[in-house]
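Q:
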Amino acid sequence: MRPLLFPLEALIYGPPYAGLMNLIRSPKPLEAEPTWELITGDKPLAYELVCGHWPLRPLRWPLLRAKMKQDHVLGIAAHYDVSNDFYELFLDKKYMFYTCADFNREEDTLEDAQQNKADFILNLIDPQPNDKILELGCGWGSMLRRIHQHTGDKENLFGLTLSKEQVAYNEKHNGFQVEFDNFITRDYQPEFYDKIYSIGAWEHVRPKEVAPLAKKLYAALKPGGRLVNHFFCRLPEHLFATTICSQIYFPGSIGSPYRDIVKAFEGAGFRIAQRTIHDYRPTLRAWFDNLVANRERALEIVDVHTYNRYLTFFPVSWRYFNDGLGMLVRWVLEKP
Ligand SMILES: C[S@@+](CC[C@H](N)C(=O)[O-])C[C@H]1O[C@@H](n2cnc3c(N)ncnc32)[C@H](O)[C@@H]1O
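Start counting the sequence shown at 1394; every next residue gets the next number (our numbering).
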């Protein structure tokens, strides 16, 4: 079956998609360095040319649209509900952040880098006593924990996630008010929050949802409130050929071009008060190395195809940033 699927998928979706699916379907765990090299290394020009044009431009949206018919919520849950024990094998031990860290010095470990990021974002949020603060897509409660360390206030910290495993983890370890709910479709009480922030969840907001959600969040903030958003987005305006590969890892999700996100937030009334750009690549490599170092344990927790999916996910994402197709941005948006 596997040898048959490869040419079929290459014809429909292009060689990168077919190649990745072929690797993931391998009955054996993938070898670390050859996989990293294969995905991130330079390819012959002829191969790059084919990949750059396949699927053909007029077919990209129809193919993606067909993939995006998959339930968006189930797609997100499928990624995050793999197993908390599995994520613990490669994320930083202190916070379990599943987002880009700040490797400020060459000798920084993943733990140092996630602490740097947490401190950086704390500064952007600038939490004050009794501020009502909401995190959109709160993961394992990492940033909520950092805010709590700073303010000592648990009552006013809220989080939303689409992962049942993360809700359970938060209940067990953190005790913040974390709800299983979709931050895109839910209703918000007007002018309720002082601060809203999101770290690595905006990537799941599909293009047509961006502007309506920006308006909803604007209305949910008190006057003078702020929204902090750490997200990555597509730099080219057009859909590039390998966008389809993201469906392997996040079925039903597709990001928006940077320009459209700016237009949506400014159109909702926000003022962009601060903006910085960060490098995701060292974090992706650190997660890859941690997963490889814990390969035996990982294979006791998940099946070989899940292991292979993550082992390809990190180099694929590394390449996306290395090729300048995506950009990791942190914004402070103010509501006047
Ligand atoms: C990459 S993780 C980041 C988690 C956390 N912010 C961190 O820094 O580690 C993305 C999170 O967003 C959540 N998420 C994505 N789309 C969502 C939606 N529409 N509604 C609620 N949560 C969502 C996922 O469940 C997950 O918790």
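Virtual Cβ for every residue (Gly too), placed ideally from N, Cα, C.
Remember, predicted model here, so these are calculated numbers, not experimental data.
Starting from the N-terminal side, write out each stretch of the alpha helix (DSSP H) that is 4 residues or longer and does not extend beyond the region 1427-1467.
A: With a minimum length of 4 residues, the continuous alpha helix (DSSP H) runs that stay inside the region 1427-1467 are 1438-1446 and 1450-1461.
Q: Tell me the residue span of the alpha helix (DSSP H) that contains P1408.
A: Its alpha helix (DSSP H) spans residues P1408 to I1417.
Q: Of all the options N1477, L1632, F1490 and K1601, which has the alpha carbon lying nearest to the alpha carbon of E1656?
A: The residue you asked about is not Glu; residue 1656 is Lys in the sequence shown. Residue K1601 is the option with its Cα nearest to K1656.
Q: With 7 Å set as the bound, which would you pick, yes or no: does the beta-carbon of R1418 sit closer than that to a beta-carbon of chain D?
A: This model lacks chain D altogether; it includes just one protein chain.
Q: Mind reading off the beta-carbon distance from I1432 to V1709? Whole number of angstroms is fine, and I expect it under 8 Å.
A: About 6 Å separates the two Cβ atoms, so the contact holds.
Q: Is the beta carbon of I1647 within less than 6 Å of some heavy atom of ligand 1?
A: No.
Q: How many Å lie between T1544 and T1554 at the Cα?
A: Their backbone Cα atoms lie some 23 Å apart in a straight line.
Q: My parser needs the beta strand (DSSP E) runs of 3 or more residues fully inside the region 1635-1702; what are they?
A: Entirely contained in the region 1635-1702, the beta strand (DSSP E) runs reaching 3 residues are, in chain order, 1664-1671.
Q: To the nearest angstrom, how far is it from the Cα of H1459 to the Cα of F1643?
A: Note that residue 1459 is Ala in the sequence shown here, rather than His. Taking the straight line joining both Cα atoms gives about 14 Å.
Q: Are the beta-carbon atoms belonging to W1711 and R1674 less than 7 Å from one another?
A: Yes, the Cβ-Cβ distance between W1711 and R1674 is below 7 Å.
Q: If you drop the 5 nearest sequence neighbours on each side, which residues of the same chain put their C-beta closer than 8 Å to that of I1469?
A: L1555, S1556, H1597, F1643, G1645 and S1646, listed in sequence order.
Q: Which residues mark the beginning and the end of the beta strand (DSSP E) in which F1573 is found?
A: Looking at the DSSP string, the run of the beta strand (DSSP E) that includes F1573 is Q1570 to F1573.
Q: DSSP has V1621 in a bridge; who is on the other side?
A: Answer by DSSP bridge pairing, in chain order: Y1590 and V1725.
Q: Need the endpoints of the alpha helix (DSSP H) that I1526 sits in, please.
A: Careful: I1526 lies outside any alpha helix (DSSP H), inside the beta strand (DSSP E) at I1526 to L1529.
Q: With C-beta atoms as the reference, is K1588 less than 7 Å away from I1518?
A: Yes; because the gap between Cβ atoms is below 7 Å, this pair is in contact.
Q: Could you tell me the alpha carbon to alpha carbon distance between P1520 and W1595, rounded to whole angstroms?
A: Their Cα atoms are separated by approximately 21 Å.
Q: Per DSSP, which one or two residues make a beta bridge with T1554?
A: Paired residues: F1573.
Q: Expressed to the nearest angstrom, what Euclidean distance is found between the alpha-carbon atoms of R1652 and F1633?
A: Their Cα atoms are separated by approximately 16 Å.
Q: So, with DSSP's three-state summary, where would you put K1510?
A: Here K1510 sits in helix by DSSP.
Q: Identify whether K1421 lies in helix, strand or coil by the three-state DSSP scheme.
A: Three-state result, K1421: coil.
Q: According to the Cβ coordinates, are I1637 and L1413 closer than 7 Å?
A: Result no, Cβ atoms of I1637 and L1413 do not sit closer than 7 Å.
Q: Could you spell out the range, first to last residue, of the alpha helix (DSSP H) harbouring N1477?
A: N1477 to E1481 is the extent of the alpha helix (DSSP H) around N1477.
Q: If you draw a straight line from the C-alpha of G1532 to the C-alpha of C1444, how long is it?
A: Whole-angstrom Cα-Cα distance: 34 Å.
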